[in-house]
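J.: First residue of the first sequence: 229, per the working numbering; consecutive thereafter.
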Amino acid sequence: MRIATWNINSVTSRLEHLLAWLERVEPDVVCLQELKCATDAVPIESIAAAGYETAAHGNGRWNGVAILSRVGLADVVRDLPAQPEFEGVIEPRAIGATCGGVRVWSLYVPNGREPSHPHFQYKLEWLARLRDTAASEVAVAGDVPLAYLGDYNIAPTDADVWDISEFSESTHVTPEERATLTALAQVGLVEVVPRPLKYDIAYTFWDYRQLAFPKNRGMRIDLAYATKPFATRVTDAWVDRDARKGKGTSDHAPVVIELGP
DNA sequence: ATGCCCTATGATATAGGA
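(1) Can the beta-carbon of I295 be found closer than 9 Å to that of A276?
(2) Can you tell me the Cβ-Cβ gap for N381 and V337, rounded? I've got them flagged as a contact below 8 Å.
(3) Between which two residues does the beta strand (DSSP E) carrying E408 extend?
(4) Kindly indicate which residue of C259, A383, R230, C327 has the alpha-carbon position closest to the one of V299.
(5) Is it true that the CB of L417 sits closer than 9 Å to the CB of T455?
(6) What is the DSSP secondary structure of R306, counted as helix, strand or coil?
(7) At 3 residues or longer, and completely inside the stretch 338–401: list those beta strand (DSSP E) runs for me, N to C.
(8) Decide if the stretch 359–373 is in contact with the stretch 341–348; the criterion is three or more beta carbon pairs, one per stretch, under 8 Å apart.
(9) For the structure I just gave you, are there three or more beta carbon pairs, one from the stretch 458–473 and one from the stretch 261–272, closer than 8 Å?
(10) Just to confirm my understanding: we take P422, look at its own chain, exclude 5 residues before and 5 after, and list those with CB closer than 7 Å. What are they?
(11) Which first and last residues belong to the beta strand (DSSP E) in which H480 is found?
(12) Can you say whether Y453 is buried or exposed, counting buried as having 16 or more other CB atoms within 10 angstroms of its CB?
(13) Could you check what DSSP says for V330 in three-state terms: helix, strand or coil?
(14) Nearest-angstrom Cα distance between A369 and F314?
(15) Which residues bound the alpha helix (DSSP H) around A283?
(16) Are the CB atoms of V401 and D386 within a distance shorter than 9 Å?
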């Protein structure tokens, strides 16, 4: 089974890219983030014509997550239990479903903006509630493979950004953020790390500005944390860097994980 | 070649992204 996660940066604006990518890569399950449209506006008919069911959770201009599957889509849950609000709103940043016997979550972790911004505390709180969710789900998952995939907006190590010296005042690399990943691992999850490219880290994001992609000024911030029953089935994991090339692409590339039987 | 920001919105600017 082939499972992917991709911050698509507007599912409506990216529809043709998405459909072509589904045909080329043939994933069984796709976790999408940053739909940037309301649930009703997600182009589920076009996605269905490509062979995929869709469970979406969006609310318009920002955020929005979905799970696409061609191997069944059951027990859909929207939002984390006790998911924190930002400015009075529980934002659409999490959706879970069971697809082909595997439980997956598609997550869009808050950005944080600046370390001193209230959004940063929101990010840490959100990740703490993710940890709580994972702790209770791992405890009852048994042999069912379970994974939390998505845009974590955290680079796990200094090597996961193109130049750590550029991040001295930035989010995504702070000890507080990285501690939330450690906490997530401590409930019984391991990170499924995509294999490196021949010449570099498998980054998953490159800014649109300042030739970041051609210069490979990237960040590895789209991550997958998995239980042992999931991780032991992983036969390969890679970043589909080709999806970032050319005009009109998302600024993120998909992470693709191959599960054996 | 991988190429000089992008998206959605009460839009002719603005917020957010990371």
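Heads up, the beta-carbon is just placed ideally off N, CA and C, and yes, glycines get one too.
T.: By the coordinates alone:
(1) In this structure, A276 does not lie closer than 9 Å to I295 by Cβ.
(2) Correct: roughly 5 Å between the Cβ atoms.
(3) Looking at the sequence shown, residue 408 is not Glu but Thr. No beta strand (DSSP E) contains T408, which is instead part of the alpha helix (DSSP H) from 403–414.
(4) C327
(5) Using a Cβ distance threshold of 9 Å, T455 and L417 count as a contacting pair.
(6) strand
(7) 374–379
(8) no
(9) Below 8 Å, too few C-beta pairs join the stretch 458–473 and the stretch 261–272 to call them touching: fewer than three.
(10) A430, A465, W466, V467, V483
(11) No beta strand (DSSP E) contains H480, which DSSP labels as neither H nor E.
(12) buried
(13) strand
(14) 30 Å
(15) No alpha helix (DSSP H) contains A283, which is instead part of the beta strand (DSSP E) from 281–285.
(16) A contact, by the Cβ cut-off of 9 Å.
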